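Following: one structure in structure tokens, then a few remarks.
Protein chains: 2
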Amino acid sequence: MATFGSCSAAPSAGHPPICPAGAAGMVRPRLVLFGDSITEQSFRPGGWGAALADTYSRKADVVVRGYSGYNTRWALFLIHHIFPLGDLAPPLATTIFFGANDAALLGRTSERQHVPISEYKENLKKIVNHLKDCSKSMLIVLITPPPVDEEGRERFARSLYGEDARKLPERTNEMAGVYAGQCIELAREMHIPCINIWSKMQETDGWQKLYLSDGLHLTPEGNAVVHKEVVQTLRAAGLKPEIMPYDFPHHSNIDGSCPEKAFQ
Amino acid sequence: MATFGSCSAAPSAGHPPICPAGAAGMVRPRLVLFGDSITEQSFRPGGWGAALADTYSRKADVVVRGYSGYNTRWALFLIHHIFPLGDLAPPLATTIFFGANDAALLGRTSERQHVPISEYKENLKKIVNHLKDCSKSMLIVLITPPPVDEEGRERFARSLYGEDARKLPERTNEMAGVYAGQCIELAREMHIPCINIWSKMQETDGWQKLYLSDGLHLTPEGNAVVHKEVVQTLRAAGLKPEIMPYDFPHHSNIDGSCPEKAFQ
Numbered sequence: 007m008a009t010f011g012s013c014s015a016a017p018s019a020g021h022p023p024i025c026p027a028g029a030a031g032m033v034r035p036r037l038v039l040f041g042d043s044i045t046e047q048s049f050r051p052g053g054w055g056a057a058l059a060d061t062y063s064r065k066a067d068v069v070v071r072g073y074s075g076y077n078t079r080w081a082l083f084l085i086h087h088i089f090p091l092g093d094l095a096p097p098l099a100t101t102i103f104f105g106a107n108d109a110a111l112l113g114r115t116s117e118r119q120h121v122p123i124s125e126y127k128e129n130l131k132k133i134v135n136h137l138k139d140c141s142k143s144m145l146i147v148l149i150t151p152p153p154v155d156e157e158g159r160e161r162f163a164r165s166l167y168g169e170d171a172r173k174l175p176e177r178t179n180e181m182a183g184v185y186a187g188q189c190i191e192l193a194r195e196m197h198i199p200c201i202n203i204w205s206k207m208q209e210t211d212g213w214q215k216l217y218l219s220d221g222l223h224l225t226p227e228g229n230a231v232v233h234k235e236v237v238q239t240l241r242a243a244g245l246k247p248e249i250m251p252y253d254f255p256h257h258s259n260i261d262g263s264c265p266e267k268a269f270q
Numbered sequence: 007m008a009t010f011g012s013c014s015a016a017p018s019a020g021h022p023p024i025c026p027a028g029a030a031g032m033v034r035p036r037l038v039l040f041g042d043s044i045t046e047q048s049f050r051p052g053g054w055g056a057a058l059a060d061t062y063s064r065k066a067d068v069v070v071r072g073y074s075g076y077n078t079r080w081a082l083f084l085i086h087h088i089f090p091l092g093d094l095a096p097p098l099a100t101t102i103f104f105g106a107n108d109a110a111l112l113g114r115t116s117e118r119q120h121v122p123i124s125e126y127k128e129n130l131k132k133i134v135n136h137l138k139d140c141s142k143s144m145l146i147v148l149i150t151p152p153p154v155d156e157e158g159r160e161r162f163a164r165s166l167y168g169e170d171a172r173k174l175p176e177r178t179n180e181m182a183g184v185y186a187g188q189c190i191e192l193a194r195e196m197h198i199p200c201i202n203i204w205s206k207m208q209e210t211d212g213w214q215k216l217y218l219s220d221g222l223h224l225t226p227e228g229n230a231v232v233h234k235e236v237v238q239t240l241r242a243a244g245l246k247p248e249i250m251p252y253d254f255p256h257h258s259n260i261d262g263s264c265p266e267k268a269f270q
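Right under this line is the structure:
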């Protein structure tokens, strides 16, 4: 064991460190991503969740709670488990990113996932109210469903099922826009931030193939748009990684000959 | 609100769901990545941490506890905070990935980070013993420091400091190999798995530029090697994502007309 100059000995694993790093080192704040497949897949290469984890590296943990195929009706079954009331360390912020499945059309192949528009808004409201019950200070961010490229969906269906593919779209961009509108309206009514990713993506020419891999899910470029918008929204609410504390000292602040000083 | 056929009503946010998803839905197991910058940066594009989170999507949370610049001596100050004794839900598995900084040479620009070889092994042993005290069943995986490309380090230093760059290497591949050897020996003595990434990477021609971005940190290809090795090691110990339970029902198991059945 090396000596530490005039400092006391290095901590051993058998005893608590001489200079505890404090509670800040024990509970790193959490950013929870709650949503459907677009959230579940956010740690794939180029994913917006992984990028967010890197943006908040050492400052906050990004926790993925994405459930492929889920709509807001099914999401309600999860909220008391994922966000228990009375949690002593509730998330610092949560994104709620549903609607792509709710907006699946009745009478088409994905109608099992359809949720009527009024119920979609009502369900979102219940989720937001539950999060508010969990924590008065939690930043709650709504994200609208992304746009839909119907041709891309059709190409994707044909690539899977060939001539047996459904002839009629199971989702349309117009309908996704209706659900996006209700999401925005709810955010306004509840005074919480909302990312209108449906509109934002359509501002760029060629969004259909640039941002969507199968007409619905995101390419790395589409993920980058979501990441940028989420970071902007978190920053606007004060969650700027550069001013958030490190969980433990930066290595440049550790004196090689007396490391325990940095951990006091 | 839509009706649910013969089923009872959908849960509301104001009351617990009728059919709770059970404790499995509340505590998803954790895989903790404990290490230095090579762990801290593992959620950058192509990073091995993000890829691991995707591999264990819906099955386990990947928690990054990477501390850039840290050696095993400084890591000892953190272990009681990151891995508190008495934690009722200790990690399912933890990777310990230190040594790149411990192996920095004395008398060179990074000597502040140097830890003597015998102390390195002793410190690793303390970390492993502490994790064993936290949980008898935790899978503990040691990872050796990666190889060092001295020319790559020199190029990197010159790109930062020009002619003022240090003339003598602050790390050598030979010394990293000595530390890797002690890591392997300790794993053998303690009967825990060890990934010899120092050797593994050098099996491939051109590893210097293929796997290392600045002679020390990993390219996306280098990250892919670490990801593959970690997954193989976890799988060999029984942590196969395809047989681990989903935290909540897969959407294909939800009956659209009676969703609560799936959550019973």
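Protein sequences appear in the order of chains A and B.
Start counting the first sequence at 7; every next residue gets the next number (this note's numbering).
Start counting the second sequence at 7; every next residue gets the next number (this note's numbering).
Idealized CB from N, CA, C, for every residue including glycine.
Small disclaimer: the values here were computed from a predicted structure and weren't measured.
Buried versus exposed, by CB contacts within 10 Å (16 or more), residue i
i, result
"B/Q270", "exposed"
"A/S263", "exposed"
"A/N229", "buried"
"A/P255", "buried"
"A/T45", "buried"
"B/R50", "buried"
"A/A8", "In this prediction, A/A8 scores a pLDDT of 35, lower than 50, which makes its location untrustworthy; the coordinate-derived value is nonetheless stated afterwards. Classification of A/A8: exposed, given that the 10 Å Cβ count is below 16."
"B/Y167", "exposed"
"A/D253", "buried"
"A/A29", "A caution first: A/A29 carries a pLDDT of 36, below 50, which makes its placement in the model too unreliable to give a value."
"A/T78", "buried"
"A/S124", "exposed"
"A/S165", "exposed"
"A/T210", "exposed"
"A/P97", "buried"
"B/L37", "buried"
"A/L1", "The shown model of chain A, from 7 to 270, leaves out residue 1 of chain A, and the question about it has no answer."
"A/Q238", "exposed"
"A/L216", "exposed"
"B/D155", "buried"
Extent of the continuous beta strand (DSSP E) to which residue i belongs
i, result
"B/D275", "For chain B, the structure presents residues 7 to 270; residue 275 of chain B sits outside this window and is missing."
"B/T100", "99-103"
"B/I149", "145-149"
Beta-carbon proximity list for residue i, same chain, < 6 Å, skipping 5 on both sides
i, result
"A/D261", "K267"
"B/A243", "L145"
"A/S43", "S74"
"A/G41", "G72, F103, F104"
"B/N259", "A268"
"A/S219", "T225"
"A/V69", "R36, V38"
Segment limits, alpha helix (DSSP H) that includes residue i
i, result
"A/I190", "179-196"
"A/F231", "A small correction: the amino acid at residue 231 of chain A is Val; Phe does not occupy that position in the sequence shown. 226-242 is the span of the alpha helix (DSSP H), which, as asked, contains A/V231."
"B/R36", "Unbroken run through B/R36 is the beta strand (DSSP E), 36-41; no alpha helix (DSSP H)."
"A/V134", "123-140"
"B/T61", "54-61"
"B/T78", "78-81"
"A/E157", "156-167"
Spatial neighbours of residue i in its chain, beta-carbon cut-off 8 Å, leaving aside the 5 residues before and after
i, result
"B/L82", "N129, K132, I133"
"A/V184", "A109, I123"
"B/R159", "P175, E176, R177, D220, G221, L222"
Contact list for residue i against chain B, beta-carbon separation under 7 Å
i, result
"A/V69", "D67"
"A/I260", "W80"
"A/D60", "F49, R50"
Contacts of residue i in chain A (Cβ-Cβ under 8 Å)
i, result
"B/P251", "Result: empty, since nearest Cβ-Cβ is about 14 Å, beyond 8 Å."
Partners in chain A for residue i, counting only beta-carbon separations shorter than 9 Å
i, result
"B/Y76", "F254, H257, I260"
Partner residues on chain B for residue i, Cβ-Cβ distance less than 9 Å
i, result
"A/A56", "F49, R50, P51, G53, G55, A56, A57, A59, D60"
"A/R64", "E46, V70, G72, Y73, S74"
"A/F269", "W80, F83, L84"
Close-in-space but distant-in-sequence residues of the same chain around residue i (CB under 7 Å, 5 per side omitted)
i, result
"B/P247", "T61, Y62, K65"
"B/A95", "V33"
"A/C189", "G105, L130, L148, T150, C200"
"B/C140", "F89, L91, D93, P96"
Listed by chain order, chain B residues near residue i by CB distance under 8 Å
i, result
"A/P265", "R79, W80, F83"
Where residue i meets chain A, residues with beta-carbon distance less than 7 Å
i, result
"B/R118", "G262"
Closer than 7 Å: residue i CB and nearest the ligand ADP heavy atom
i, result
"B/P97", "Absent from the structure shown: the ligand ADP. Ligands present: none."
Interface flag, residue i vs chain D, CB-CB below 8 Å
i, result
"A/P265", "Included in the structure are the protein chains A and B, with no chain D among them."
Any 3 or more C-beta pairs closer than 8 Å across the region 133-145 of chain B and the region 68-77 of chain B:
no
Would the region 142-162 of chain B and the region 188-208 of chain B be scored as touching if the rule is three or more Cβ pairs under 8 Å?
The region 142-162 of chain B is in contact with the region 188-208 of chain B.
Given 8 Å, three or more beta-carbon pairs between the region 148-162 of chain B and the region 96-111 of chain B
Touching, yes, given that three or more Cβ pairs across the two stretches are closer than 8 Å.
Across the region 185-193 of chain B and the region 113-130 of chain B, are there enough close Cβ pairs to call them in contact, namely three or more that are closer than 8 Å?
These segments touch.
Would you check if the region 52-61 of chain A and the region 214-234 of chain A touch, i.e. whether three or more CB-CB distances between them fall below 8 Å?
When Cβ pairs closer than 8 Å are counted between the two stretches, the region 214-234 of chain A is seen to touch the region 52-61 of chain A, the count reaching three or more.
Is the region 169-178 of chain B close to the region 104-115 of chain B, with three or more CB pairs under 8 Å?
yes
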